[in-house]
Structure formats: structure tokens, C-alpha cells
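Report on the following structure.
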Amino acid sequence: MPKIKTVKGVKERIRVTGTGKLIGNRPGRRHLLGGKRAKIKRHLRRRRVLYAADARQVRALIPYSA
Numbered sequence: 196m197p198k199i200k201t202v203k204g205v206k207e208r209i210r211v212t213g214t215g216k217l218i219g220n221r222p223g224r225r226h227l228l229g230g231k232r233a234k235i236k237r238h239l240r241r242r243r244v245l246y247a248a249d250a251r252q253v254r255a256l257i258p259y260s261a
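Note that the working numbering gives residue 214 to position 19 of the sequence shown, counting from 1, and the numbers run on in steps of one.
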């Protein structure tokens, strides 16, 4: 069987922790920021652990990471 190729765009955006969790950026920071409170925008800067449903899809795209 040939190797499965890694999707490089996902590899650049997602980080895998030592325990195998996937960490990524939060959505909502691209546009329409004038209507959002400063507190919301501040919290959107932080990275987050991906939801289980999203993580399953992402793991298929980065097959050889942890």
C-alpha cells in the first residue's frame, strides 16, 4: 500500500499536543469585527482544543501525526 499524503494546509493550521489532542484557532476573527465586543475578540485570539467531531475529520487529513 502506498503512503497516505498529508494535507499541508491542515498541517500548518492544526497542532497536536503530547496527549494526542488537536489544537486550532477559533472561528470568527476574519471580518465583521466592528460589531463584536472587545472581550469577545480577545477570547477569539486563544487557540482551542477541537471538538471530537471536527478532530475525527482532521485526523484523516494528517494521518502520521501522533
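Yeah, the Cβ is synthetic: ideal placement off N, Cα and C, and Gly gets one too. Keep in mind that this is a model prediction, so the values were computed, not measured.
Item: Given 8 Å, three or more beta-carbon pairs between the segment 199-209 and the segment 221-228; Value: no
Item: At least 3 beta-carbon pairs within less than 8 Å: the segment 202-218 vs the segment 227-245; Value: yes
Item: Cα-Cα separation between residue 204 and residue 229, rounded to whole angstroms; Value: 28 Å
Item: Bridge partners - residue 219, DSSP secondary structure assignment; Value: 243
Item: Status (buried if at least 16 other CB within 10 Å, exposed otherwise) for residue 235; Value: exposed
Item: Beta-carbon contacts of residue 260 that lie in its chain and below 7 Å, excluding the five residues immediately before and after; Value: 211
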